[in-house]
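Working notes for the structure below.
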Amino acid sequence: MAALLLRRLAGTHRGRVPLGAAAAAACGGATLFYASSSPTVAHLEETGKAAEQVALNPDKWLEFKLQEKATVSHNSQLFRFSFDPSTKLGLDVASCLITRAPIGEEAEGRRKYVIRPYTPISDPDSKGYFDLLIKVYPDGKMSQYFASLKPGDVVEVKGPIEKLRYNPNMKKQIGMVR
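Be aware that the sequence shown starts at 1, since it is given in the UniProt record's numbering, and climbs by one per residue.
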């Protein structure tokens, strides 16, 4: 096909079109056709990422079992929660999850919940678990609830709650505030 195109171009312009320019045009056209008709690497990566199973669900409260708990300082504890070891948590950069705990009852006899957001400190690519580092406040309802948990207890979790969609290299510089 490219040879036919080259012969046509050369014949139409009676040799005035250099053969190199015609070849470049043919190669450019073929490249454009190929690039527009085949999936790109980025498309394949996104497709693979979408098919991956994750443990979190942004629309539904799920129970996660406390695997272990460790004291980090006099008022901070590390909590490791487990889930299916073949899945990732499903939390992106600049996202958090929300937890809820039944604390007390309302006047109608229904459960009253306390809800708090947390950001796991475990590697986002780790499978089967996530870690929360929580400072236990003397009057903190949720932090006191976490402090009372024993291995085997469950916590209800929902997420991810996305605060900022971060794409690698989307900004030249990022300022951090602590």
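Ideal Cβ positions, reconstructed from N, Cα and C, are used throughout, including at glycine.
Everything numeric in this text was worked out from a predicted model, so none of it was measured.
Counting only runs that start and end inside the UniProt domain "FAD-binding FR-type" (59 to 167), the alpha helix (DSSP H) elements of at least 4 residues fall at 141 to 148. Your pair Val54 and Lys88 checks out as a contact, with CB atoms roughly 6 angstroms apart and the cut at 8 angstroms.
Glu106 has its alpha-carbon roughly 30 angstroms from the corresponding atom of Glu162. Contact check for Asp84 and Pro160: beta-carbon distance about 17 angstroms, past the 8 angstroms limit, so the pair fails to qualify. In the three-state reduction of the DSSP assignment, Val54 falls in the strand class. By alpha-carbon distance to Leu97, the top candidate from Lys141, Asp153 and Asp131 is Asp131. The same chain holds no residue with a CB closer than 6 angstroms to that of Asn167 once the five nearest residues on each side in sequence are set aside. The C-beta distance from Asp139 to Leu66 rounds to 23 angstroms, too long to meet the 8 angstroms contact threshold.
Pairing Ser86 with Phe64, the inter-Cα distance amounts to about 15 angstroms.
By alpha-carbon distance to Ser122, the top candidate from Leu56, Leu164, Phe81 and Val72 is Phe81.
Taken atom to atom, the span from the alpha-carbon of Gly175 to that of Arg110 is near 45 angstroms.
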